[in-house]
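The structure appears right after this line, and notes come after that.
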Amino acid sequence: MTPSRRIRRLALILATTMLTVSAPCVFAQEELLPTIPDPLKSLVNEGAQIRFLGRDEGAEGWVVIKNGVEQYFYVLPTGAFITGIMFDKQGNALTVQQVQRLRGQGDDLLDRLASETPNKPSEASPDKTKYDFKTPSEQFFYDVENSNWIPFGKAGTPVFYSFIDPQCPHCHEMMKELKPLLDEGKAQVRLIPIGFRPETEAQAAFLLAAPDPIELWWRNLDGDTNALPAKSEINTQGVQRNLSIMQAWKLSGTPTLIYRAKDESVKIIEGKPKNLQSLIGDLGARS
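One point on numbering: in the working numbering, the residue at position 159 of the sequence shown is 166, and numbering is uninterrupted.
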């Protein structure tokens, strides 16, 4: 098999290969892990999941998964970084072997989060120069725009943001009422997952990292208790960042909606809106 075909099959191998390797539990190894390299910390803060692949051929290997897209990074002894699949001199994909080794240690998060079809890149970051933070409300809106969110609804439609907890019943009610309007192209909501308890924090982190968060969310609302697993080993920094924005601006509950109105003002609705049609009619910004 050529190296190029090995690369194309990597995602399939991640999803299907089963090992019975006898190895220490991955959680027992956490104290031995090296410090996460600085260039990867920003991805972790955005909710990406990261795993240490080990030291092979003199390089420290890391796999990062965000929105179902896998990226492989290697740190050389000099501190330099390279990204991609590592092969040995015989043409064997060492990266595949490292992933198999990780799975053999009992870490199944790669299988749950890795997608065989990469998602589209995230939408462009908001233009912070347009409003220049002339008021606290503009700073607040910029912080919300730069949180870790998931878009529901069609692009090019009026947009608003909402902090949600995966187990919040009022969030569930709001989204169920909103779904027909989203399907009709009336608006787009950008859900900002947070967690008030360790269990929901882990579920929110899984939602951020998954390749199919929209499908998982609707399954969760339909009562599928397996849609959003609360894995204790998952990285929750992206969710913690979202919660810190809420706390910094003295927001305390979910759902909390934020949007730019037609008159360019920034508005906040705490709790489930009484009339979603009126809300959509007041939206000014488009996705």
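Cβ atoms here follow ideal geometry from the backbone N, Cα and C, with glycine treated the same way.
Model, not experiment: these values are computed from the prediction.
Go ahead and pull the three-state DSSP assignment for residue i.
i    : result
E145 : helix
Q254 : helix
T85  : coil
T263 : strand
G288 : helix
T102 : helix
E152 : helix
Q78  : strand
N233 : coil
K281 : coil
Would you tell me roughly how many angstroms separate the C-alpha atoms of residue i and residue j, rounded to the nearest one?
i    : j    : result
T243 : Q210 : 9 Å
K279 : R62  : 50 Å
L290 : P143 : 20 Å
I160 : K96  : A quick correction: the sequence has Gly, not Ile, at residue 160. If I take the Cα positions, the gap works out to 48 Å.
L40  : F59  : 7 Å
L235 : L223 : 7 Å
K238 : I57  : 14 Å
D172 : N99  : 44 Å
D229 : M181 : 14 Å
P220 : L264 : 20 Å
R307 : S285 : Lying outside 8 to 294, the shown extent of the chain, residue 307 is not represented and no answer is given.
H179 : L185 : 10 Å
E77  : I241 : 16 Å
H177 : T102 : 44 Å
E145 : V71  : 33 Å
K269 : I276 : 16 Å
P158 : F80  : 28 Å
E53  : D150 : 13 Å
A292 : T232 : 35 Å
L188 : T261 : 20 Å
Q175 : T207 : Position check: residue 175 holds Cys in this sequence, whereas Gln was assumed. C-alpha separation (whole angstroms): 9 Å.
D73  : E191 : It should be noted that the sequence gives Lys, not Asp, for residue 73. So the two alpha carbons sit approximately 29 Å from each other.
F88  : K281 : 52 Å
L50  : P44  : 11 Å
I217 : A55  : Here the sequence assigns Ala to residue 217, which means Ile is not the residue at that position. Distance between the alpha carbons of A217 and A55 is about 9 Å.
Q112 : A212 : 22 Å
K183 : N155 : 22 Å
R204 : K257 : 18 Å
K48  : W69  : 12 Å
N153 : G163 : 19 Å
S1   : V106 : Nothing in the structure corresponds to residue 1, since the chain is present only between 8 and 294.
F94  : G202 : 40 Å
Between which two residues does the beta strand (DSSP E) harbouring residue i extend?
i    : result
W69  : 66 to 73
K274 : 273 to 277
R62  : 56 to 63
Note the first and the last residue of the continuous alpha helix (DSSP H) segment covering residue i.
i   : result
S49 : 45 to 52
Contact check, residue i vs residue j under 8 Å by CB: the rounded distance?
i    : j    : result
L215 : V246 : 7 Å
N249 : I199 : 5 Å
A194 : F170 : About 17 Å separates the two Cβ atoms, so there is no contact after all.
G65  : P84  : 6 Å
F147 : R267 : Contact flag wrong, Cβ pair sits at about 11 Å.
* Asked: Enumerated in chain order, which unbroken segments of the beta strand (DSSP E) with a length of 3 residues or greater are wholly contained in the region 157 to 220?
  -> If only complete runs of 3 or more residues are kept, the region 157 to 220 shows the beta strand (DSSP E) at 157 to 160, 166 to 171, 195 to 200, in order along the chain.
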